[in-house]
Structures are given as C-alpha cells and as structure tokens.
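For reference, the structure is listed below as structure tokens.
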Amino acid sequence: MDYEVGVEFQPIYELIASIHTFICRKSNKKIDLGSVWTAEVTAGLNPQLLSALEQVELDNDWKLLNLLLYLCPDKATVEGILEWLEGLSVGEMYETLSGYVSVFPAQMETFRGRMLFVLTEWNRQYFSTSNPLILPRLKEHAAERIRKLPGADIKDFVDETTNGFVFMPGESLRKLVLIPQFHFQPVNIIYNFGPLTLCHYAARIAVDDEDISPSMYKALRSLSEKSRLKILKSLGPERKTFSEIARSAGISKGIVHDHIFSLRCAGLLHAYIEGENVTSYSLRLEGVRQMNTQLLQFLS
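Quick note, the sequence shown lines up with residues 1 to 300 if you use UniProt numbering.
Right under this line is the structure:
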C-alpha cells in the first residue's frame, strides 16, 4: 500500500458517531441498536435539542465538523474539545480546514454555533449518561488493533479491522485513519478529504451479556436467502461492480442492494473503496472461515 494507516480512538469520535446514528433515521432498521434505541433516546431529549437535530443533515457541513474534530490538537476529553471549538476564531477555523478542503460553510460562525450547541447538548442529555461499557470496550479494542499494526501486512490489517474494506491506493490518498465505533454497527462511515480518509468502522463489540455474538448471528442470518448464496457463488475472487452483480443475479437492483448490504455487514464481501465510494465487490472467504470458527466455538 502507498499510504499510511493508523488507528485512533477518543470519546469525541463515539459522541459524533452516536449523533450520526440518531439523525440517520433511514438506517434505523439496519443497525444493531434499531428503532427502539432511537425512540428511547428521543424520549430523553428536550424540544430545543430535538429541533436542532432535525435541522442537521449528513452533508458537507457535517463532514467538515468531523474533520475539524479530528484536527483538534488535544482530544483527550469531550469537554476539552468543546472548549477548543468554542475558542477558535473564524480565521483559525479556515486555517485549520484549508489544508484538506476548499469548500467551506457559507457562514462559518453560524456553522460553529449550531454544531457546538448540538455537540454540547447531546453530550449532556444523552452521551455522558449512555451505557458505561461502550467507551472502555472501544478503547480496549483500539489498543488491541494498535498493538497488531506494527509489522502487519497493511492490506490484511485493514481488511480484518474493517471486516472487508479494501481502500484502493490513489494519487492523493496519503493517510487512512481507522476509528472504531459502536453506535452505527454494523455499518462503517467513511469521510475522504483528499490525502486523508477517516473510516469510522464497526468494531463489532457487545455491551450486553448475550451468549451469541451479534456479528456471528448477523453472518448466519445473511445466508438465509437463496439469492444471497447465489451472489456469493457468482462472485468468487473476481471483482464485480454493483451493476454486474445485479445482471448476474437477474433480480431488481433494489433487492440486490439490500442483499449486498447484508453480506457486507456480515463480512462476507470485500468492498473496494475509492474516495468515499464502493466501486466493486468480491467474495471474502475469510468471512466464511470466521463465521465457521465462531459457530464451532459457540457450539463446543
């Protein structure tokens, strides 16, 4: 690989991933937390925060907020980052972001005020009192990944960490930062800023006492459809685009999209990423092996 890979984790990353999860209502039925979590969180938020969240979109401003938080020089505490963000002048915000982007919010001061309110109130009303096991388990997971990184084959390391993503080296990509997240499991979130890509990947951790691993259960369920098995059989190691898979399967693109989403989340597909876009897929046999190993360990 022609780019550097790092693993990072700080509480602010999970805070913003949890907001992303809440405002991305269309994914409620696909994430592990489900619609029940959204309803429970909604009941605990005041009208002012709910109104502010309704106005937040997963657009370029949201993407820039993620970049700004990543570039904070000291991310040890959520409170410290919020103080840093509040203390930045408009000129300092432009200067901080300009090394990565050329398009900025129309009103930087308004953008900062709106996002600062959402981050502060979300932290106060939900995140600071959320399940206390989430942050230590993400921190432990990140530490384990960091220990494995030195000397590892980068392609294999990224594949194992993200459960199947392959980031294609390009002329601009210089650094890939892998950030474990819990709230949006099993989905990964990718932001590309030219030479820098941030991947908030599903860490596949659990914070309950269930005997059955959620990742194993999801992999087994993903094979319950004949069409999904046919898609896996047709792929093999050869890379195919979404359109090629749909033509081969002979079913509507909408249904194929749902099948591919399920297979990706189960770790049964390699997804090849260029920038922020998945360009093609191939069979990930390692995912099948992992599923078998987890099942055998569970049964024995």
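Heads up, the beta-carbon is just placed ideally off N, CA and C, and yes, glycines get one too.
Given the structure is predicted, the values throughout are model-derived calculations rather than measurements.
Whole runs of the beta strand (DSSP E) within the UniProt domain "HTH arsR-type" (208-300), excluding any shorter than 3 residues: 269-274 and 277-283
Host alpha helix (DSSP H) of Ile12 (start-end): Pro11 to Ile23
Residue range of the unbroken alpha helix (DSSP H) whose run includes Gly80: Val78 to Gly87
Limits of the unbroken alpha helix (DSSP H) element including Val41: Gly34 to Ala43
Glu8 (DSSP reduced to helix, strand or coil): coil
Residue burial classification, residue 315 (beta-carbon count within 10 angstroms, cutoff 16): Summary: the structure shown does not reach residue 315, with the chain confined to residues 1 through 300, and so no result is reported for it.
Val56 in three-state terms, based on DSSP: coil
Cβ-based neighbour list, Phe127, same chain, cut-off 7 Å, excluding 5 preceding and 5 following: Leu15 and Ser18
Closest residue to Glu57 among Val118, Lys233 and Val177 (Cα-Cα distance): Val118
Nearest to Val187 (by Cα), restricted to the options Gly287, Ser224, Leu296 and Leu263: Leu263
One or two residues paired with Val90 in a DSSP bridge: In DSSP, Val90 forms no bridge with anything.
Ile154 - DSSP class collapsed to helix/strand/coil: helix
The region 87-103 contacting the region 22-41, beta-carbon criterion three pairs below 8 Å: no
Terminal residues of the beta strand (DSSP E) in which His183 lies: First-last for His183: undefined, no H or E at that position.
Burial state of Gly164 (16 or more Cβ within 10 Å): buried
Boundaries of the alpha helix (DSSP H) in which Phe117 is found, first to last residue: Met108 to Gln125
The region 76-85 contacting the region 101-120, beta-carbon criterion three pairs below 8 Å: yes
Integer Cβ distance of Ser227 from Ile251, believed to fall under 8 Å: 6 Å
Own chain residues within Cβ distance below 6 Å of Tyr13, not counting five before or after: Ile179
Coarse secondary structure for Ala202, derived from DSSP in three states: strand
Gly194 to Gly275 span [Cα, whole Å]: 8 Å
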